[in-house]
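First up is the structure itself, then whatever we jot down about it.
Numbering (our numbering), first residue to last: 290 to 946.
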């Protein structure tokens, strides 16, 4: 009846139930152990009684032998005293027999009968008229006592056997109870954990799914405990949210449909339409909240109207900005139709926008590249590319064009921006022609100047050889100045010719083994290297794509400068790869020379730029200009890093083979 009233539908009740089961098991085990311990105690008590009884019988037997000695010695007083003691001890032993228990009742009856016979024998032997011990009675008494002792020994062994049985039973019970308790704890603990943990896991997973927007899932925990109540509350809340979302969606759908209807009504007629709502036929069909909704719609339409005005203003402003741009702009749709051109584009094409808009873009733009168009392939990038534009009257104009995708009139369109570079092309042609003429003039002038200079140098040397003894020191000095000047002039003309050849030289690109190339440069400069006691260290350098003769000239100039502009008694030049990329290699030429101040790092590559007079360091100031021209012609570059008094490192960037 009690369990019928208790409802185990809460976690607290489940825990109490488990604790009650533990308590009942513990009490039952305690009672069982107590019963076994009591049996052990009783057997110990019985064993003590039997041991005392056995000792008493042995003493009784000893008294029998003692009396024999007393009779032989005719000690009557002692005999009477001993007989009294024997009678008392026998009475005590007979009185102890009931304490042995019912289990040994048959054996105890035998002992009692035996002792009764012994007592009777004693009485017969203790008669006053008997002065001597009857030998037959003595022997009979001895046999009966021995029989009693044997029976007591049997009882003692049985009691000890029972005692061992109870000990074994006690240990077995303790082991069984321990194992039973361990298994019970595991089973009940697992059941309790599952009743709590499993619903929690289900509730957690369900909450994650709900947070992801899955509102149609059923209640994960259906129970009457606390977790079930929590799950039910959360499920009810989710259903309420779902209902509200459906209501909101429905309201938004209705609002959208009303908005589409209201958009067809102008703001000027809106107040008149609102007056109709007061009429009975409309009032009966619409809900009481229609007026509030209409006010909201009116405000919404007013905001939309303002937004449209702002968008229209921004669009018109954008159109004005496009029209006033100094560079040409043309907007083309996905069908390659021109949708918009500005004034700069109209000036280039030479006609009005009305004539151009709607026409195919290939009528004017990129007619030579119809197959390669960003409209067909968005991966194509056009940025500052030279292309051609055809004007309305058929003229071809070069332009520099950039193309990008944009959003115009709610569509993806192509925005093409281009600049007329006709004048730039004309200036480039004039500059190229002027440079060619200048190079040709420099080449011819340098070449024609070499012969007179050679003649002057020869005659000056002849004067020195023929009239050396007849000339005074001042005349000799003047002649030396003239000879040195003609030599410098010859070197300058040679460098000018070399600089001119770099400009006009036709490149013959091939794979150049830089290690072999630098060894060739070392052989060319062998005499200079030996005279200056210089060391040229070359590390492994990758193959480059370049012109062999010009690479020789470039590194010859750099190594020669490293040896020339050096105050050390042992100039050192190190050539190594500084950086390697997929397309390029940067080669470094490092020396231990005099160095270059940072403000001259750019100027040093200019033609005729010298940092020292010819009296200190000879040269024409054209060597590094030639190096820069060669590097640029090979589509590379050259730069330097230096520290005065320490040395200079030149970096040459060339294409990899």
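Cβ atoms here follow ideal geometry from the backbone N, Cα and C, with glycine treated the same way.
Here residue 618 is near residue 704, since their CB atoms are less than 8 Å apart.
Close CB contacts of residue 925 within its chain, under the 6 Å cut and outside five residues either way in sequence, are with 942 and 943 (chain order).
Uninterrupted alpha helix (DSSP H) stretches at least 4 residues long and entirely within the stretch 775-824 occur at 803-813 and 815-820, given in chain order. With respect to the C-alpha of residue 779, the residue from 743, 606, 308 and 595 having the closest C-alpha is 743. Within the stretch 906-942, the runs of alpha helix (DSSP H) at least 4 residues long that lie entirely inside it are, in chain order, 912-922. With a contact defined as Cβ atoms closer than 8 Å, residue 628 and residue 620 qualify at about 5 Å.
Counting along the chain, residue 705 sits inside the beta strand (DSSP E) bounded by residues 700-709.
Here the alpha carbon of residue 611 sits roughly 15 Å from the alpha carbon of residue 692.
When the Cα atoms are used, residue 686 and residue 801 turn out to be separated by approximately 41 Å. The Cβ atoms of residue 639 and residue 680 sit closer than 8 Å to each other. The Cβ neighbour count for residue 475, taken over all protein chains shown within 10 Å, is under 16; the residue is labelled exposed. Of the residues assessed, residue 604 falls on the exposed side of the cut-off, its CB having fewer than 16 other CB atoms within 10 angstroms.
Just so you know, the alpha carbons of residue 847 and residue 870 end up roughly 23 Å apart.
Each of 706, 674, 624 and 682 was checked against the Cα of residue 614, and the nearest Cα belongs to 706. In the DSSP secondary-structure assignment, residue 856 is not bridged to any residue. When the alpha-carbon of residue 830 is set against those of 490, 807 and 816, the nearest one is in 807. For residue 869, the secondary structure class from DSSP, reduced to helix, strand or coil, is strand. Here the C-alpha atom of residue 797 lies approximately 24 Å from the C-alpha atom of residue 877. DSSP places residue 640 in the coil class of the three-state scheme, outside both helix and strand. In this structure, the beta-carbon distance from residue 852 to residue 821 falls below 8 Å. Apart from the 5 residues on each side of it in sequence, residue 839 sits with its Cβ closer than 8 Å to the Cβ of 791, 794, 796, 919, 922 and 923 in its chain, given in chain order. Secondary structure at residue 611: helix, using DSSP grouped into helix, strand and coil. In the three-state reduction of the DSSP assignment, residue 695 falls in the strand class.
Looking at the backbone, the Cα of residue 641 and that of residue 602 are separated by about 24 Å. Annotation for residue 896: no beta strand (DSSP E) segment contains it, and DSSP assigns it neither H nor E. Spatial neighbours of residue 776 in its own chain (CB-CB distance under 8 Å, excluding positions within 5 residues in sequence) are listed in chain order as 746.
Note: residue 881 is not bridge-paired with any residue in the DSSP secondary-structure output. In the structure shown, residue 740 adopts helical secondary structure according to DSSP, grouped into three states. Shown here for residue 931: same chain residues with a beta carbon closer than 6 Å to its own, the five before and five after excluded, namely 884, 885 and 937 in chain order. The DSSP-derived three-state label of residue 861 is strand.
Residue 634 has its alpha-carbon roughly 29 Å from the corresponding atom of residue 598.
Annotation for residue 784: 909 and 911 place their beta carbon closer than 6 Å to its own, counting only its chain and skipping 5 residues before and after. Comparing alpha-carbon positions, the option among 837, 862, 841 and 817 lying closest to residue 828 turns out to be 862. Residue 607 and residue 521 have their alpha carbons spaced roughly 59 Å apart.
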